[in-house]
Amino acid sequence: MQKTIENLTKAFIGESQARNRYSMYAKIAKKEGYEQISAIFE
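Heads up, my numbering is the position in the sequence shown plus 1364, with the first residue counted as 1.
The following block contains the structure:
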């Protein structure tokens, strides 16, 4: 059971980091005038 909790924790951390990166990419794309690309990352 402990290994399952560790795996779920690692997966959650990875997904959270990915979401933060996508939000950052969306913000940069919007700032640079790439509205459609920004929408993909939102």
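We put the beta carbon where it would ideally sit given N, CA and C, even for glycine. Being a predicted model, the structure only gives us computed values, none of them experimental.
Distance, residue j Cα to residue i Cα
i     : j     : result
Y1386 : K1374 : 18 Å
E1406 : A1390 : 6 Å
M1365 : I1392 : 41 Å
I1377 : M1388 : 17 Å
Secondary structure of residue i, DSSP reduced to three states
i     : result
E1396 : coil
M1388 : helix
E1406 : coil
Residue i Cβ short of 8 Å to the ligand MG heavy atom set
i     : result
L1372 : Here there are no bound small molecules, and the ligand MG is not part of this structure.
7 Å CB neighbourhood of residue i in its chain, flanking five on each side removed
i     : result
K1394 : S1402
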